[in-house]
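S.K.: The structure under discussion is supplied below as structure tokens; questions concerning it will follow.
Numbering (this note's numbering), first residue to last: 6 to 164.
Dropping the structure here:
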């Protein structure tokens, strides 16, 4: 995955130490109720669409930008699904990050799903009952995005 230039600059002085970063996940549905997924070029796995906001960029704007950059699909954000601090992860180069993930439910408004950058090998629309293998991160967020409930804040009692 491409590392944003602002993170390269931070890493130049911070080294590999833990960085706490915002992350945005976009769960995009079309008018037929299918969900948009991309097969990642770094792992080869199917996944939901997401990325890191640029400094000063709002989460919804980030979601719209990332979806278009990766898939050529235009979308609009409908609501917040989930806000969750993830466990720290260490990348092969030694960098350690911990993400505050903001998952947004989005609705496709145009464009044709296709690979639009070097972060994906394939992109496509999938019926909810015929999803390709996904990590729990993706399946959990897709399920939550289909529910008509309040925003889920991890660690808070629901109901």
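Glycine included, every Cβ here is placed at the ideal spot set by N, Cα and C. The structure displayed is predicted, hence computed values, not measured ones.
Beta-carbon of residue 109 versus every beta-carbon of chain C: anything under 9 Å?
M.R.: No chain C is present in this structure, which holds just one protein chain.
S.K.: Can you look up residue 36 in the DSSP assignment and give me helix, strand or coil?
M.R.: Three-state DSSP puts residue 36 in coil, outside helix and strand.
S.K.: For the pair the region 53-72 and the region 89-96, tell me if three or more CB-CB distances fall below 8 Å.
M.R.: The answer is no - the region 89-96 does not touch the region 53-72, with fewer than three Cβ pairs under 8 Å.
S.K.: Quick one: what does DSSP say residue 22 is sitting in, helix, strand or coil?
M.R.: Looking at residue 22 - three-state DSSP - the assignment turns out to be coil, as it is neither helix nor strand.
S.K.: Take residue 27 as the anchor and find which of 126, 135, 89, 143 has the nearest alpha-carbon.
M.R.: Taking only the C-alpha atoms, the option nearest residue 27 is 89.
S.K.: If you run the structure through DSSP and keep just helix, strand and coil, what is residue 116?
M.R.: Strand at residue 116.
S.K.: Going by other Cβ atoms of all chains shown within 10 Å of its Cβ, with 16 needed for buried, is residue 25 buried or exposed?
M.R.: By the 10 Å Cβ count, residue 25 comes out exposed.
S.K.: State the CB to CB distance for the pair residue 149 and residue 87, rounded to an integer number of angstroms; the pair is presumed to be in contact (CB under 8 Å).
M.R.: So it is a contact: roughly 6 Å between Cβ atoms.
S.K.: Throw me the rounded Cβ distance for the residue 112 and residue 34 pair, which I believe falls under 8 Å.
M.R.: Going by Cβ atoms, the distance from residue 112 to residue 34 rounds to 6 Å, so yes, they are a contact pair.
S.K.: Assess contact between the region 125-141 and the region 15-25, defined as three or more Cβ pairs (one per stretch) separated by less than 8 Å. Is contact present?
M.R.: With the cut-off at 8 Å, the region 125-141 and the region 15-25 do not touch.
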